[in-house]
Each structure stands twice: as C-alpha cells, then as structure tokens.
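A.B. asks: Residue numbers (the working numbering), protein chains in the order written: chain A, 7 to 680; chain B, 2 to 254.
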Amino acid sequence: MTCLWPRIEPLLARVQRPARYIGCEEGARVAPHGAARVGWLLVYPDAYEIGLPNQGLQILYEILNERPDALAERSYAPWVDMEAQMRARGVPLFSVDTHRPAAEFDVIAFNLSAELVYTNVLNCLDLAGVAVRAGERGPADPLVGAGGHCTFNPEPLADFVDFFVLGDGEEVVGEITECARDWKAGGRTPGSRERVLRDLAGIAGVYVPSMYQVAYDGCQVAAVTPLYPDVPERVEKRTIADLAAWPYPSHQLVPLTEVVHDRLNVEIFRGCTRGCRFCQAGMITRPVRERPAAQVRRMVADGLERTGYDEVSLTSLSSADYSGIEDTVAGIVGAGIVGEAMCTGQSPAGRSAGGRPGRAPGNGVAVSLPSLRVDAFTVGIAGQIGQVRRTGLTFAPEAGTWRMRQVINKLIREEDLYGAVESAFSEGWQRIKLYFLVGLPTETDEDTLGIAELARRCAAVGRAHTDRVTVTASVGGFVPKPQTPFQWFGQDTVTELERKVRLLRDATRRERGVNLRWHDPAATLAEGMASRGDRRMGAVIEDVWRRGGTFQEWSESFDLALWEEAMASHGLSVTDYAHRHRERDEVLPWAHLSAGLHEDFLWGDWQDALALAPVEDCRWTPCYDCGACTGYGIEHVVASVVPPAGGSQGTGQDLSRGGSLPVGVRLASRAGVS
Amino acid sequence: MRVRARFAKLGKLRWTSHRDVARMWERAVRRVGLPLAYTEGFSPRPRISFGLALPTGHESVAEYLDLELTQLDDPGGLVARLDGALPDGIDVAAATRLEAGTGSLQEEVTSCSWEIEVTGMDRQAAAALVEAAMGADTLEVTRERKGRPSTDDIRPALRSLCVSDTASWLPGPPSGGLASTGRTSCHTGAVLLAELATQPRGVRPSELVRALDPALELGRARRTHQWIERDGARREPLPPGPPDAPHAYERAS
Numbered sequence: 007m008t009c010l011w012p013r014i015e016p017l018l019a020r021v022q023r024p025a026r027y028i029g030c031e032e033g034a035r036v037a038p039h040g041a042a043r044v045g046w047l048l049v050y051p052d053a054y055e056i057g058l059p060n061q062g063l064q065i066l067y068e069i070l071n072e073r074p075d076a077l078a079e080r081s082y083a084p085w086v087d088m089e090a091q092m093r094a095r096g097v098p099l100f101s102v103d104t105h106r107p108a109a110e111f112d113v114i115a116f117n118l119s120a121e122l123v124y125t126n127v128l129n130c131l132d133l134a135g136v137a138v139r140a141g142e143r144g145p146a147d148p149l150v151g152a153g154g155h156c157t158f159n160p161e162p163l164a165d166f167v168d169f170f171v172l173g174d175g176e177e178v179v180g181e182i183t184e185c186a187r188d189w190k191a192g193g194r195t196p197g198s199r200e201r202v203l204r205d206l207a208g209i210a211g212v213y214v215p216s217m218y219q220v221a222y223d224g225c226q227v228a229a230v231t232p233l234y235p236d237v238p239e240r241v242e243k244r245t246i247a248d249l250a251a252w253p254y255p256s257h258q259l260v261p262l263t264e265v266v267h268d269r270l271n272v273e274i275f276r277g278c279t280r281g282c283r284f285c286q287a288g289m290i291t292r293p294v295r296e297r298p299a300a301q302v303r304r305m306v307a308d309g310l311e312r313t314g315y316d317e318v319s320l321t322s323l324s325s326a327d328y329s330g331i332e333d334t335v336a337g338i339v340g341a342g343i344v345g346e347a348m349c350t351g352q353s354p355a356g357r358s359a360g361g362r363p364g365r366a367p368g369n370g371v372a373v374s375l376p377s378l379r380v381d382a383f384t385v386g387i388a389g390q391i392g393q394v395r396r397t398g399l400t401f402a403p404e405a406g407t408w409r410m411r412q413v414i415n416k417l418i419r420e421e422d423l424y425g426a427v428e429s430a431f432s433e434g435w436q437r438i439k440l441y442f443l444v445g446l447p448t449e450t451d452e453d454t455l456g457i458a459e460l461a462r463r464c465a466a467v468g469r470a471h472t473d474r475v476t477v478t479a480s481v482g483g484f485v486p487k488p489q490t491p492f493q494w495f496g497q498d499t500v501t502e503l504e505r506k507v508r509l510l511r512d513a514t515r516r517e518r519g520v521n522l523r524w525h526d527p528a529a530t531l532a533e534g535m536a537s538r539g540d541r542r543m544g545a546v547i548e549d550v551w552r553r554g555g556t557f558q559e560w561s562e563s564f565d566l567a568l569w570e571e572a573m574a575s576h577g578l579s580v581t582d583y584a585h586r587h588r589e590r591d592e593v594l595p596w597a598h599l600s601a602g603l604h605e606d607f608l609w610g611d612w613q614d615a616l617a618l619a620p621v622e623d624c625r626w627t628p629c630y631d632c633g634a635c636t637g638y639g640i641e642h643v644v645a646s647v648v649p650p651a652g653g654s655q656g657t658g659q660d661l662s663r664g665g666s667l668p669v670g671v672r673l674a675s676r677a678g679v680s
Numbered sequence: 002m003r004v005r006a007r008f009a010k011l012g013k014l015r016w017t018s019h020r021d022v023a024r025m026w027e028r029a030v031r032r033v034g035l036p037l038a039y040t041e042g043f044s045p046r047p048r049i050s051f052g053l054a055l056p057t058g059h060e061s062v063a064e065y066l067d068l069e070l071t072q073l074d075d076p077g078g079l080v081a082r083l084d085g086a087l088p089d090g091i092d093v094a095a096a097t098r099l100e101a102g103t104g105s106l107q108e109e110v111t112s113c114s115w116e117i118e119v120t121g122m123d124r125q126a127a128a129a130l131v132e133a134a135m136g137a138d139t140l141e142v143t144r145e146r147k148g149r150p151s152t153d154d155i156r157p158a159l160r161s162l163c164v165s166d167t168a169s170w171l172p173g174p175p176s177g178g179l180a181s182t183g184r185t186s187c188h189t190g191a192v193l194l195a196e197l198a199t200q201p202r203g204v205r206p207s208e209l210v211r212a213l214d215p216a217l218e219l220g221r222a223r224r225t226h227q228w229i230e231r232d233g234a235r236r237e238p239l240p241p242g243p244p245d246a247p248h249a250y251e252r253a254s
C-alpha cells in the first residue's frame, strides 16, 4: 500500500486551510489493511468542514472498523485550490486517515446528502483515477457505492455508481462487506465484477442500477425492468428496528480545525411522523425510533468527557418531540461540571432558582436542539438551555398563512408562533429567525405576502419587550422531492420564484426590525432537475462537471448556465424535468425504489393537501397505514404514548395553552439569566 | 492563579492554525478538569492567553500559553495529564505556576530563534547570502497591509543569522511514535539559524527568506526558542523541563 503523504505535504503550503487534508482527528481509528479485510473509503463529496461532522458517515466508519473483515477510511472533496495542485502534480484523491490513494480501496462509498454535490461525486472518482462511468470500470477498479437521502431517487447518478443503499446503513454495510470479501478473496478476476454486482443486487436495500433497463416515452419513463429474474422488481429500503442496538458514533471525531456543527452530536431519535408534506426526510425515515433516555445520557456523558466539548446537540428531525425531552435536557444542563451529575436525572421541577449557585460559566454544558417545533413549550426548553449566550432562536413556520400551512400539513397556528416569539423576547432573546418556503403547491400572492405579515407581527411582539428586535425571514424556493406527497407537483420557474422574492422585498423594505434573506432561485431549479430526474440527467451532470461545475452547493461556484446549456445539448427540457405536473398514472423514475410508503398513501395525501385536509401524527394517534411500519413488520419506538405538553402541530392538543410556559421550566430559565 | 505551559507543535499538526491550537487547548483543559477562569460579560471566554502566533505550516518546540485557573488542587502530573488530552503532535514539555506580577508572553518575549530551510539551495550559496544580509544596512520586505503594499526594513530585527550543518527534523537516532504523525522530511536545502526580534512586530521566517532573495522558496521552519531579554540577560519563558520528562526536544530530533 502506498502512503501519499510525502507528495501531499509539499502542496499544503500552497492551499487555503491545509488542515482539511491532514486527518489526525481525535477518535480517528482505522483497522489494519490486509487481504482479509475489505477496505472501504467513505467519501463526503463536499468540503472537509461540511463533511467531517456528518453523523451517518461517522457511524459507518466505526461499524466497519469494528468488523474483523473490514476497515474504513474517510475522504472529502478537495477544495478547488487543492484539486489544482493535485492535478498539476498527479496526486490522486487520498484518504485523510492514512493518506492512501482512493483507488487502492475495495469500495468507494459516497454520502449523498444533497443533489448539488453530484458533480463532485464525478470529480472525486476522476481524481481517484477511477473510470467515471460504471460501465467502463474493470476488474482492478473498486466498487463504487452511495447512500444517503438522495438515493431515494438515484437515477441521475445511475451511470456512475455501481450500487446504491436505500435507508439505514448500519446493518447493510455488513452484508455488502461479505459480498465484497468474497469478490476480493477470489482475486477480482475478469467477469467477477459482474458477479459481485449481481450478488449485491440480491441484498435487501441495495439497488444496482446496471441490473435494470429503463424504457422512455417522450419526457417520461415508460418502464424500469430488471434484466434478470433474480433481481428484485422493486428495491425496499432498510430500516433498523431499534436505535438502542446501535449506540454510534461512540467515538465521535473531534476535528482539529474549524468545521460546521463543531460540538458533540447525539442522535435522540430517527424518523419523524409529523407528516409535513414537503419534507422528504420525514417521509423516508419512518417510523419514529427513539433512543432510550438512559442511553442518551450515557452517550452524552461519555462523549463530553472524551471530547472536551462544552456543547451537545440532541439531534433528530424534531427534537422537542422526544419523550421526556425536558428531563433529558435538565439532566445535561444541571450536571454542571462535565461528566459529574449526568446520571442523576433530576426533574426540572426540582431545579429551582437556587439549584446552581455559583456555577462558573463555561463549566456548564450548552445543549442545542435543532429542528424545534414552533410553540412556547419549545421556547421554554430553549430558555433552559441557552443560558449563557442568547444569540438567536430559529423557527420554521414554512408558510405565511394558515391555509398554506394546511396544504403542507405544518399545522402551526399564528397564536403558536406569537406565543413562541413572545416567550423568546420576554426571556431575553433579541433575534429571531423564521424559515419559509415559497413556490409551494397552490400558493397565491396572499400566501406569499403572509410571510412578510408574519415577520412584521413577530417584530411588533418583540418591540413590547425590547427596542433591539431583529426578525429575519429566510426564504427558500420549494423543490418537490421524490417519495413525498408533493412528488407530482411542478415546481415554480426561476422567474416566478424571483417575482415572489420581489413581492417580499417590497413588502418588508420599510418594516423596522424585519430582514429578508432568500436562497438563489437558480440553484433551486438545478436542485429540482437533479432531484426528480431520470437516468438521462446523468449526461447533464457529466457535462456540468466536465465544464468545471464542481461545488455547486456553494453560491460562489454555482452556475445555472452550465446546467441549462447541458440540458439543451442533450435535448432535454427544463420544463419537463422541473416544472411539469406529473399525473397519477405516470411511471415516476423512482417507482421501482421504495421507502415503504404506499403509492396510494402518497397520492391520497397529495389530494388531501389540495383539499386542506390535515393528517395527524401517527405516533400518538391510530395508524393510517402509510406502509412504513406495516410493510416491514416494525413499529414506532417511543417511550411516551402521549404528545408532549403544549405541542400543537397535528397532535390534537388543546391549543388554548399555546402562550403559557410550564412553571418549572420558567423558573429554571430565569435562574440562568441572572 | 496563572499556570504557564510550554509545548511543541510538530508533524502533521503544523498545518493547523493558531486558532485551531487554541481550541485544542480549550478542549484539553476541560477534559483534564482544570477550573478555568472566564471573562465577565455577555459572552464569557476562557482566560487563556497565547504568546506570539506561530504561522500555519511552521513547527515549534517552544510554544507557550498562560492559563488562568480559579484553583489548582493537584499540580502534580499536570504535564502528563495535559499531554494525554492533546493530540499527538501537540506535546506538552513543562507547566508551572507563575508568580504574581509576571508579565504576559506578548509583553515579555523579545525575540525568537528559528531553524529555516531554504529549498533547492546548497550550503555555499546560503553562506554567501547570510554574509551579504548581515553586512547590509537595510533589508527591505514588502507586504500587504490593509490592502496596500507596505515596505519595512527588517534588518534591525535580524539579531543573528548563520548557516547550520544540520536540522532538528532530519533523521536522527530511532525514536518511537514519529511515523504516525509524519515527522519525516521530504525537503532538501540549506538550513539557516536566525534570531528574529518580536518588537515592534514579529518578523516571520517567510519575510526573512523573501528579504534575502524574492526568488527563494521557504521549506520547513521550526521555532526553537522564544527569548525574554531583560537587563542584558536572556532567558526562556519556561525552561524545557526536567531531563526525564517526555520532552519535545528528544522526541523531535
């Protein structure tokens, strides 16, 4: 095996942020290379500081390195300056752990978290010296795989990736390793690549696109047919039934240089059944599987002690919905000195104003809860945890009017939002950020302008408490995603999205305390084409990449013209791919791939959306048979069968309490302000 | 109470920035459980003060920092505890309580000694350069300041300069643990020993090399000493530690 470090190091003085390429993170542990182990290179196809914190990649890194027959190293997309240096000196893509060439691994596996990284996948393969097109790879080449949310429609990358994994990777990586182990042990003889791919296609949750033929009918897909009888017609996702069986990452990597989310992350549950119809993550990760509270406490205590972090994020798709979230947060915040009182499990009512005398700031642990619901209960928890730095609070009402929120099934009433904002400003926050989408199905200008109105009223609520109020409305263009009820919807054009942004700019320009930010509608279009594209999009992605279009997630690199020109040169219509409404009987490009959701359920939910009919959260209400549990013989794993107090979104809760805070929480948070 | 620590920054870790090293120390101090003092105010920061920033990419066997603690119950084993909590390549050599009234590193350090490799240059050419530089009245270097080119004379800051026959990073007797952090050199060239003043501003090795000849390329650079000069005497902010300590000099050479 080759170590490229002596060739890499001279390049580092010439690039920005050289620590991106050195590895050496605390917690990085690689099993020894050898003939008996399948070598995986796990690649996050974006910059190191974005990719390093990715929990999915870190989970698989640990699981594979613990196996006797596997090892895993990591790699990230080299930034453009480093890529230029590497290409000029013939240095291939390398792992950051032991600086081995990527092509020396048996499996190169990509994490696909966002569609706009697709061109980086091609670039990484090319930098690795591996044929970019799967059909051109020979016996010496590694297997190229991919997992992550985008694999629920991986067709745009079907020509470049040998196999995709749908759903949770914890179990299936072991099964893939066993297949690859036999292939490796057999000496990777000519013809064996075909055999191993065929074997992989037999693993539940693994999709091998070359084993399927796609027929087209104009801009639509006519049929996707398996080439062999032993290849499944439909690939079902993998779901781990019990998160408690997978307490990973147990050694979260601590980077030596600055990255996003630079803190301890502990996943408290996976899956979400809030039923927001625009949300792909909520649809494809069902059902809800909570991690037991005792395990969460242990992972937090061990993690803080091992890493030296002073902040922990309790991650999930809606963290306030975790059963007993108050107790869990109180247990962490109340622990004071790291690792001391993690296991005492005090109740929030027991921690009054006198509970933490003389506690030095900085010896405490900050807790962050991403993806919070919008209600006062949530702010109460936030008040408990944001004791030292009250920088800002973020809520995601997603739409500006109740009508629009009924369409998307994000059932936040205005009084919930004002209650939340009132609590936040009265608890000392001065900056509120609100996330919205424009371009949602059935959206009218009244709905769009409702965003400005909500922001204006939130600022007014705040001014009752402080003069220095900032309400930032952050607006993104909606991209319909596969495997959601909105998968049939034609997304807004760039012109239309720009018009809506202008409406909002005009409406907020003179509003005191209201800021507007928006995502580039051009990038929204490219994301839309890649997200619902069929295999013909592959040629477009290759063109964009060949013309230098890497790092398309980054506004300074993104260039819509590259995409439009590539579409035109391959005779593909942007309108057909992005803006066309799909019909019920159309074969969607991902129809042979399943997240467990019955198509009848998705279509019914789409029709319910148009009829403003809500759907409740099935973890607390009777099952409506979406298919995610029943199809796989699994069920929700939740510690509490009743919704959390004060919650409103589709929980059937009494909404009259929207503005009040649980007393114990309020006491505790006041204590922290002093 | 203040504690001063001396440490090395070697191997792959040299590609981390000054801020990166500061964050490593903050985490390490929390892991060891030292009760750090914090600043007052809206956004409390730990009271850790670093001396002169080491440019990213340079190594050092003479880095220092001062920690302000609210108490220190068990000073014994502090070096080993901190060293164990820091990544390989950040190696703690010594730590001691500071007497009250000791000035800050920023105030007290007056000069630094460096080993500086100039790539692709033989010893004779280097000797000629050194002789010319030491004999010159001025050594001008132009750098970007606030978006504008600004020219400085660094000759007054050049305390001494000579050519070295060896370098501390060149392979010496076998020592453990080096391969894992890549402490090997792939460069060849002349090695200069320079002492550069830190007042009124710290002159960087890269500036010195550019001042010698703009065409030269800086290879490896390692800070070997920081000096406090007072009343004609010169000393280090903290001696390297007892000879039996797991010490950076031995491990680095």
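Backbone N, C-alpha and C fix where the C-beta goes; we use that ideal spot for every residue, glycine too.
Excluding the 5 residues flanking A/Q412 on each side, which residues of the same chain have their C-beta closer than 6 Å to its C-beta?
C.D. replies: Closer than 6 Å at Cβ, skipping near neighbours: L618.
A.B. asks: Pull up the distance between the alpha-carbon of B/R155 and that of B/P241, whole angstroms please.
C.D. replies: The sequence shown places Ile at residue 155 of chain B, not Arg. Answer to the nearest angstrom: the Cα atoms are 29 Å apart.
A.B. asks: Given this structure, state the Cα-to-Cα distance separating A/G40 from A/A34, to the nearest angstrom.
C.D. replies: 19 Å
A.B. asks: Does any C-beta atom of chain B lie closer than 9 Å to the C-beta of A/D623?
C.D. replies: no
A.B. asks: Tell me the residue span of the alpha helix (DSSP H) that contains B/P150.
C.D. replies: Per DSSP, B/P150 belongs to no alpha helix (DSSP H); it is in the beta strand (DSSP E), R149 to D154.
A.B. asks: Of all the options B/E27, B/L87, B/V4 and B/E109, which has the alpha carbon lying nearest to the alpha carbon of B/R231?
C.D. replies: Selected option, being the one with the closest Cα: B/E109.
A.B. asks: Between A/T472 and chain B, is there a C-beta pair that is closer than 9 Å?
C.D. replies: no
A.B. asks: Pull up the distance between the alpha-carbon of A/M217 and that of A/G281, whole angstroms please.
C.D. replies: 34 Å
A.B. asks: Using a Cβ cut-off of 9 Å (strictly closer), state whether A/Y315 contacts chain B.
C.D. replies: yes
A.B. asks: In terms of alpha-carbon separation, which member of B/G12, B/W115 and B/Q107 lies closest to B/P88?
C.D. replies: B/G12
A.B. asks: Are there 16 or more other CB atoms within 10 angstroms of the CB of A/H587, so buried, or fewer, so exposed?
C.D. replies: exposed
A.B. asks: Compare the C-beta of B/M122 against all C-beta atoms of chain A and say whether one is closer than 9 Å.
C.D. replies: no
A.B. asks: Please list the segments of the alpha helix (DSSP H) lying wholly inside the stretch 447-529 of chain A, counting only runs of 4 or more residues, in order along the chain.
C.D. replies: 451-469 and 500-514
A.B. asks: Helix, strand or coil, according to DSSP, for B/L115 in the structure here?
C.D. replies: Strictly speaking, residue 115 of chain B in this sequence is Trp, with Leu absent from that position. B/W115: strand per DSSP, three-state reduction.
A.B. asks: Do the CB positions of A/E533 and A/V485 come within less than 9 Å of each other?
C.D. replies: yes
A.B. asks: Could one say the Cβ of B/M2 lies closer than 9 Å to chain A's Cβ atoms, at least one of them?
C.D. replies: no
A.B. asks: Can you list, in chain order, the residues of its chain with a C-beta nearer than 8 Å to that of B/W16? Leave out the 5 residues immediately preceding and following it.
C.D. replies: Within its own chain, the residues whose Cβ lies closer than 8 Å to the Cβ of B/W16, once the five positions on either side in sequence are excluded, are T57 and G58, listed in chain order.
A.B. asks: Taking the beta carbon of A/S429 as the centre, do at least 16 other beta carbons fall within 10 Å, making it buried, or is it exposed?
C.D. replies: buried
A.B. asks: Looking at the strands, I want to know which residues DSSP matches up with B/Q227.
C.D. replies: B/C113
A.B. asks: Only counting the same chain, and skipping five residues up and downstream in sequence, which positions put a Cβ closer than 7 Å to that of A/V344?
C.D. replies: Note that A/V344 scores 34 on pLDDT, short of 50, meaning its location in the model is unreliable and no value can be drawn from it.
A.B. asks: On the CB-based measure, 16 or more other CB atoms within 10 Å of its CB, does A/Y424 come out buried or exposed?
C.D. replies: buried
A.B. asks: Considering Cα atoms alone, identify which of A/G639, A/M289, A/S325 and A/G314 is closest to A/R297.
C.D. replies: A/S325
A.B. asks: Taking its Cβ as the centre, do 16 or more other Cβ atoms sit within 10 Å of A/G695, making it buried, or is it exposed?
C.D. replies: The shown model of chain A, from 7 to 680, leaves out residue 695 of chain A, and the question about it has no answer.
A.B. asks: Considering only their Cβ atoms, is the gap separating A/P51 from A/N126 smaller than 9 Å?
C.D. replies: yes
A.B. asks: Measure the CB-CB distance between B/Q227 and B/E237 and report whether it falls below 9 Å.
C.D. replies: yes
A.B. asks: How many Å lie between A/A25 and A/V644 at the Cα?
C.D. replies: For A/A25 and A/V644, the distance between alpha carbons rounds to 41 Å.
A.B. asks: Can you give me the C-alpha to C-alpha distance between A/E161 and A/G539, rounded to a whole angstrom?
C.D. replies: Their Cα atoms are separated by approximately 7 Å.
A.B. asks: With C-beta atoms as the reference, is A/Y254 less than 9 Å away from A/E68?
C.D. replies: yes
A.B. asks: To the nearest angstrom, how far is the alpha carbon of A/D451 from that of A/T501?
C.D. replies: 14 Å
A.B. asks: Between the stretch 85-111 of chain B and chain A, which residues of the former have a C-beta closer than 8 Å to a C-beta of the latter?
C.D. replies: A86, P88, D89 and G90
A.B. asks: Would you say B/V80 and B/A95 are within 9 Å of each other, going by their C-beta atoms?
C.D. replies: yes
A.B. asks: With a threshold of 16 other CB atoms inside 10 Å of the CB of A/K506, please say whether the residue is buried or exposed.
C.D. replies: buried
A.B. asks: Tell me which residues share the same chain as A/D453 and place their Cβ nearer than 6 Å to its Cβ, disregarding the 5 neighbours each side in the sequence.
C.D. replies: G406, T407 and M410
A.B. asks: Give me the subset of the stretch 399-411 of chain A whose CB atoms are less than 8 Å from a CB atom of chain B, sorted by chain position.
C.D. replies: From the stretch 399-411 of chain A, no residue has a Cβ closer than 8 Å to chain B.
A.B. asks: Short of 7 Å Cβ to Cβ, which residues in the stretch 18-49 of chain A face chain B?
C.D. replies: Those residues of the stretch 18-49 of chain A that come within reach of chain B (Cβ to Cβ, closer than 7 Å) are L18, A19, P24, A25, I28, C30 and E32.
A.B. asks: Does B/L14 come out as helix, strand or coil in the three-state DSSP assignment?
C.D. replies: Annotated three-state conformation of B/L14 is helix, per DSSP.
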